[in-house]
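Trainee: For reference, the structure I am asking about is given below.
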Amino acid sequence: MVQPVPDQVDFAKEEEKIQHLWKELDAFRTSMKLSKSRPRFTFYDGPPFATGLPHYGHLLTGTIKDIVTRFAYQSGFHVERRFGWDCHGLPVEYEIDKKLGIKGPEDVAKIGIKEYNSQCRQIVMRYAEQWEIIVNRMGRWIDFENDYKTMYPWFMESVWWVFKQLYEKGLVYKGVKVMPYSVGCTTPLSNFESGQNYKDVQDPAVVVSFPLDERPDVALVAWTTTPWTLPSNLAVCVNPDYTYIEVQIPNAPYKYIVLESRLEMLCKKKEDCVILNKFLGHTLQGKSYQPLFPYFQDLKAKGAYRVLCDGYVTEEGGTGVVHQAPYFGEDDYRVCLANGVITRDQTIVCPLDATGHFVDPVVDYKGMFIKDADKAITRDLKQQGRLVSAGTTNHNYPFCWRSDTPLIYRAIPSWFVRVEPMVPNLINSNQETYWVPDFVKEKRFGNWLKDARDWAISRNRYWGTPIPMWISPDGKEIVCVGSIAELEQLTGQTITDLHRESVDDLEIPSSRPGMPPLRRVSEVFDCWFESGSMPYAQAHYPFDHANDFHANFPADFIAEGVDQTRGWFYTLMVISTALFNKPPFKNLICNGLVLAKDGQKMSKRKNNYPDPMKIVNEYGADALRLYLINSPVVRAENLRFQSEGVLGINKDVFRPWYHAYRLLAQTVLQYQQKWGEEVHFKEELDPEELGSNVMDRWILSLTQSVLAFVKQEMAAYRLYTVVPRLIKYVDQLTNWYVRMNKKRFKGEGETSREDWLQSLKTLFSVQYTMIRMMAPFTPFLTELMYQNLRSLLGQEVEDSKASVHYLMLPEVR
1 MVQPVPDQVD
11 FAKEEEKIQH
21 LWKELDAFRT
31 SMKLSKSRPR
41 FTFYDGPPFA
51 TGLPHYGHLL
61 TGTIKDIVTR
71 FAYQSGFHVE
81 RRFGWDCHGL
91 PVEYEIDKKL
101 GIKGPEDVAK
111 IGIKEYNSQC
121 RQIVMRYAEQ
131 WEIIVNRMGR
141 WIDFENDYKT
151 MYPWFMESVW
161 WVFKQLYEKG
171 LVYKGVKVMP
181 YSVGCTTPLS
191 NFESGQNYKD
201 VQDPAVVVSF
211 PLDERPDVAL
221 VAWTTTPWTL
231 PSNLAVCVNP
241 DYTYIEVQIP
251 NAPYKYIVLE
261 SRLEMLCKKK
271 EDCVILNKFL
281 GHTLQGKSYQ
291 PLFPYFQDLK
301 AKGAYRVLCD
311 GYVTEEGGTG
321 VVHQAPYFGE
331 DDYRVCLANG
341 VITRDQTIVC
351 PLDATGHFVD
361 PVVDYKGMFI
371 KDADKAITRD
381 LKQQGRLVSA
391 GTTNHNYPFC
401 WRSDTPLIYR
411 AIPSWFVRVE
421 PMVPNLINSN
431 QETYWVPDFV
441 KEKRFGNWLK
451 DARDWAISRN
461 RYWGTPIPMW
471 ISPDGKEIVC
481 VGSIAELEQL
491 TGQTITDLHR
501 ESVDDLEIPS
511 SRPGMPPLRR
521 VSEVFDCWFE
531 SGSMPYAQAH
541 YPFDHANDFH
551 ANFPADFIAE
561 GVDQTRGWFY
571 TLMVISTALF
581 NKPPFKNLIC
591 NGLVLAKDGQ
601 KMSKRKNNYP
611 DPMKIVNEYG
621 ADALRLYLIN
631 SPVVRAENLR
641 FQSEGVLGIN
651 KDVFRPWYHA
661 YRLLAQTVLQ
671 YQQKWGEEVH
681 FKEELDPEEL
691 GSNVMDRWIL
701 SLTQSVLAFV
711 KQEMAAYRLY
721 TVVPRLIKYV
731 DQLTNWYVRM
741 NKKRFKGEGE
751 TSREDWLQSL
761 KTLFSVQYTM
771 IRMMAPFTPF
781 LTELMYQNLR
791 SLLGQEVEDS
801 KASVHYLMLP
811 EVR
């Protein structure tokens with residue numbers, strides 16, 4: 001029998017009761033058992049780090065994932081939902097470096113890699129328990145017991161297999177490349193990592209002179225915002241096709257050469273400058289000049305300190321003359337290499353230690369941090385008469401996403417995956433995917449793929465999956481290992497773990513008699529390589545699931561924030577295309593960012609946003625879910641979080657809906673008491689049972705229209721159209737149908753017994769359909785209503801119907 005419903009409700013407390021019910025039913029696992037024989041809907045969960053607590057961005061993405069996977073289940077699919085954890089990499093190491101006061105590799109060497117990694121292991125899952133509590137409290141059904149962790153040996157083994165496949169395809173090479181480098185974390189970053197944390201900063205801006213050897217009274221002038229790179233200057237570059245001028249400025253020690261269109265850099269008033277000569281940039285090619293500093297003068301005899309030409313020099317800023325420090329700039333390196341100023345096998349001119357402090361031979365600034373040295377270098381250039389002008393400039397500059405220190409560009413020996421030759425295939429793979437919203441696929445992601453660079457996958461770090469390359473001392477023998485069994489066979493050792501402390505000392509005998517054994521290279525994988533390998537590694541493919549993996553690959557669905565277009569989405573796509581020449585997923589929802597109320601990034605330090613659990617405990621998880629989903633953030637736009645918006649969902653959506661549910665329960669009890677008979681309803685009314693009431697026919701027709709719309713739009717993953725339509729439907733049900741038929745529901749006035757019963761049948765059918773339709777979006781409130789209203793069906797409750805979340809969606813009639 002239906003139970004009376006109280007007038008007042010605390011949604012958050014009712015949700016806690018539903019959580020206890022789900023625990024008693026073992027609801028999630030039971031649902032998985034019930035669906036085991038169905039077709040599979042494959043979902044990949046992008047792994048977060050458990051070194052911090054989940055924020056609103058995590059809760060938003062988790063809600064999107066939960067809605068789509070619940071809807072897929074209710075549409076007749078078996079949906080495996082495994083939680084994953086990113087365990088390696090900078091987020092963990094940075095915490096340990098702070099804890100232990102580690103400044104660089106020398107400090108790690110003192111305590112040893114084994115102890116360092118032991119410290120990392122201890123904090124990896126620091127907040128895992130709180131994550132599970134919060135995720136469950138949000139109503140998300142996902143498997144934590146059958147999770148995957150990137151530090152599991154079986155996961156790491158599949159990462160090795162992925163790497164070996166790429167190596168055997170000729171897609172792996174060792175090279176030197178100028179890359180974004182974090183002095184705070186003492187490691188290079190991928191190009192997509194370097195774009196995650198830009199800030200507006202003020203930097204020095206200096207103009208420096210480079211007197212020509214053949215005409216010591218004439219000097220080229222170059223502008224730079226990184227004076228610390230000037231001690232490493234080995235060349236200057238001009239555009240061969242632009243017009244340059246030689247000018248005389250009053251009281252200047254030299255006649256200056258500058259791009260004609262950038263004369264303003266020298267003369268605020270053009271009448272103060274006398275133009276002595278005009279010529280194209282290519283006429284300067286090969287001319288030598290006097291070095292700024294003496295540290296690398298011996299390279300002059302090898303072709304350094306010359307004027308070079310290249311089209312990358314633009315008219316948009318500076319002087320049209322670009323100072324070249326080839327080991328601190330991508331274009332600098334490329335141009336100097338092409339012109340023989342440097343060679344690939346030459347010792348790198350990079351007088352910095354791992355933390356960005358000067359070392360020999362730059363003795364004048366030895367021990368100084370690069371940004372601190374800017375002032376000293378500018379002062380010394382002024383004393384030498386080589387400083388033309390000095391000032392500051394405001395610009396957007398990249399910072400390390402983890403240590404929040406300014407990035408530099410630095411030449412680093414690294415292991416690379418050849419991505420540039422794959423670009424056409426990557427674009428084709430992307431075309432086979434469906435994104436919501438589509439402009440992210442076509443613009444943000446598509447444009448990124450077109451300009452994709454080779455991917456530096458190695459890190460000079462410790463807590464990560466070791467790169468499985470064993471090389472002889474002379475470099476002539478290389479063995480790439482692709483499995484634990486292969487390593488055991490090659491080394492004769494039993495392998496139980498694959499971290500550095502377990503494999504660094506393992507040697508592989510040389511195939512050449514009398515030659516020393518092969519040793520593993522020191523680097524570990526970038527943790528993005530691990531997360532990009534998760535489709536295979538979470539299944540321990542190909543060591544397990546070799547026969548059924550491809551039946552469920554690519555994934556039907558993934559979802560993450562817009563910042564992952566250059567992160568997880570990208571690495572998934574690169575590895576999948578390299579391995580199988582197809583995308584790793586079919587459908588993708590890309591959400592925007594959740595910002596603080598004032599539009600700034602949410603920050604614990606600034607305390608500019610409410611604790612998510614405080615909001616859940618005050619208003620309920622359903623309200624937070626619906627508030628987040630019913631916002632521009634689902635269209636990859638940003639949302640300024642306001643707790644008043646969560647309150648509004650309770651007030652404007654849930655309370656009217658709850659009172660309509662209460663009205664049904666109360667009036668059914670009234671009917672039964674008056675007529676002395678228990679009432680049983682059907683899940684859906686047959687057309688011939690509708691009766692003549694126009695309002696009944698209207699609400700039933702509207703319900704079917706909404707159901708058809710929801711199914712259509714959810715098939716297209718357009719949550720941003722579905723949720724507003726559902727909210728509007730709640731309003732139409734409560735403010736129109738219920739309000740205008742209250743007397744009929746209560747059997748008042750001239751309402752006949754037949755009409756009274758007909759109104760209750762209609763309201764029940766509508767509510768029962770609505771509960772199933774809304775279940776993926778508001779799992780708690782729909783369960784609360786279902787547990788009471790299901791008794792009106794007059795059936796024994798089967799285990800397969802013990803929860804609303806076991807039920808299928810109604811068919812459109």
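Every letter in the sequence shown is one number past the one before it in UniProt numbering, and letter 408, counting from 1, is 408. Yeah, the Cβ is synthetic: ideal placement off N, Cα and C, and Gly gets one too. Given the structure is predicted, the values throughout are model-derived calculations rather than measurements.
Tell me the residue span of the alpha helix (DSSP H) that contains Q672.
Mentor: Per DSSP, Q672 belongs to the alpha helix (DSSP H) from 655-675.
Trainee: In chain order, which alpha helix (DSSP H) runs of at least 4 residues are fully inside the region 307-356?
Mentor: With a minimum length of 4 residues, the continuous alpha helix (DSSP H) runs that stay inside the region 307-356 are 330-338.
Trainee: Taking the straight line between their C-alpha atoms, what separation do you get for T150 and T319?
Mentor: Going from the Cα of T150 to the Cα of T319 covers about 49 angstroms.
Trainee: Which of the three DSSP states is assigned to I649 in this structure?
Mentor: I649 falls in the helix class under three-state DSSP.
Trainee: Rounding to the nearest angstrom, what Cα-Cα distance links A596 and V634 in this structure?
Mentor: Approximately 17 angstroms between the Cα atoms of the pair.
Trainee: So what's residue 898 in DSSP terms, helix, strand or just coil?
Mentor: With the chain represented from 1 up to 813, any question about residue 898 goes unanswered, as that position is not in the structure.
Trainee: Apart from the five residues on each side of it in sequence, which residues of its chain come closer than 6 angstroms, Cβ to Cβ, to K441?
Mentor: So the qualifying residues of the chain are W435.
Trainee: Of all the alpha helix (DSSP H) runs that stay within the bounds of the region 101-163, which reach a length of 4 or more residues?
Mentor: The region 101-163 contains these whole alpha helix (DSSP H) runs: 105-111, 113-123, 128-137.
Trainee: Cβ of G532 within 8 angstroms of Cβ of I471?
Mentor: Contact flag unset, no.
Trainee: Drop a sphere of 10 angstroms on the beta-carbon of P437, count the other beta-carbons inside from all chains shown, and report buried for 16 or more, exposed for fewer.
Mentor: Its Cβ being crowded by 16 or more others within 10 Å, P437 is buried.
Trainee: Could you check what DSSP says for I575 in three-state terms: helix, strand or coil?
Mentor: I575: helix per DSSP, three-state reduction.
Trainee: Nearest by alpha-carbon distance to K169: which of A578, G645, S701 is it?
Mentor: The candidate whose alpha carbon is nearest that of K169 is A578.
Trainee: Using a Cβ-Cβ cutoff of less than 8 angstroms, which residues in the same chain neighbour V562 once the five nearest sequence positions on both sides are dropped?
Mentor: V440, R444, C590, N591, G592, L593, A636, listed in sequence order.
Trainee: Quick check: the region 2-18 against the region 29-36, are at least 3 beta-carbon pairs closer than 8 angstroms?
Mentor: Verdict: no, contact absent.
Trainee: Should P610 be flagged as near chain C, meaning a C-beta pair shorter than 8 angstroms?
Mentor: Going by chain labels, chain C is absent from the structure shown, which holds only one protein chain.
Trainee: Taking C-beta to C-beta, are S483 and W160 nearer than 8 angstroms?
Mentor: Contact flag set, yes.
Trainee: List the DSSP bridge partners of R410.
Mentor: M179, per the DSSP bridge assignment.
Trainee: Ends of the beta strand (DSSP E) at T243?
Mentor: 243-248 is the extent of the beta strand (DSSP E) around T243.
Trainee: What is the residue span of the beta strand (DSSP E) that Y256 lies within?
Mentor: Counting along the chain, the beta strand (DSSP E) containing Y256 begins and ends at 255-259.
Trainee: Below 8 angstroms on the Cβ atoms is my contact criterion, and I expect P398 with S190 to pass it. Report the Cβ-Cβ distance as a whole number of Å.
Mentor: About 12 angstroms separates the two Cβ atoms, so there is no contact after all.
Trainee: Which one of W415, K711, P294 has the shortest CA to CA distance from D360?
Mentor: For D360, the nearest C-alpha among the options comes from P294.
Trainee: Indicate whether V221 and V207 have their beta-carbon atoms separated by less than 8 angstroms.
Mentor: Yes.
Trainee: Could you check how far apart the C-beta atoms of P466 and L498 are, in whole angstroms? I think they sit under 8 angstroms.
Mentor: The pair is a contact, with the Cβ atoms about 7 angstroms apart (cut-off 8 angstroms).
Trainee: Using a Cβ-Cβ cut-off of 8 angstroms (strictly less than) and excluding sequence neighbours within five positions of P414, which residues of its own chain qualify?
Mentor: Just to set this straight, residue 414 is Ser in the shown sequence, not Pro. So the qualifying residues of the chain are K174, G175, V176, K177, M179, P188, A456, I457, S458, E523.
Trainee: Could you check whether L212 and K110 sit closer than 8 angstroms to each other, using their CB atoms as the reference points?
Mentor: In this structure, L212 does not lie closer than 8 angstroms to K110 by Cβ.
Trainee: Mind listing, in chain order, the continuous beta strand (DSSP E) runs of no fewer than 3 residues lying wholly within the region 362-416?
Mentor: Counting whole runs of 3 or more residues, the region 362-416 contains the beta strand (DSSP E) stretches 387-398.
Trainee: Using the beta-carbon count (16 or more within 10 Å), is D97 buried or exposed?
Mentor: Buried, by the Cβ-count rule.
Trainee: Are T778 and R625 closer than 8 angstroms when you measure CB to CB?
Mentor: It is a contact, given that the beta carbons lie within the stated cut-off.
Trainee: Going by the CB atoms, is the gap between K586 and T433 shorter than 8 angstroms?
Mentor: Taking 8 angstroms as the Cβ cut-off, T433 and K586 qualify as a contacting pair.
Trainee: Distance, Cα to Cα, P473 vs A325?
Mentor: Spanning the two alpha carbons is a distance of roughly 31 angstroms.
Trainee: Fully enclosed by the region 674-759, which alpha helix (DSSP H) runs are 4 residues long or longer?
Mentor: Segments of the alpha helix (DSSP H) lying fully in the region 674-759: 694-715, 719-731, 742-746.
Trainee: Measuring straight from C-alpha to C-alpha, what distance separates R215 and K382?
Mentor: Rounded to whole angstroms, R215 to K382 spans 21 angstroms at the Cα level.
Trainee: Comparing alpha-carbon positions, which option in W756, S701, P610, N741 lies nearest Q672?
Mentor: Comparing Cα-Cα distances from Q672 to each of W756, S701, P610, N741, the minimum goes to W756.
Trainee: Beta strand (DSSP E) containing E15: first to last residue?
Mentor: Where E15 is concerned, there is no enclosing beta strand (DSSP E), although the alpha helix (DSSP H) it sits in stretches over 11-25.
Trainee: Counting beta carbon pairs with one atom in the region 325-339 and one in the region 246-266, are three or more of them shorter than 8 angstroms?
Mentor: Counting Cβ pairs under 8 angstroms, fewer than three are found: no touch.
Trainee: Tell me the DSSP secondary structure of I495 in three-state form.
Mentor: Here I495 sits in coil by DSSP.
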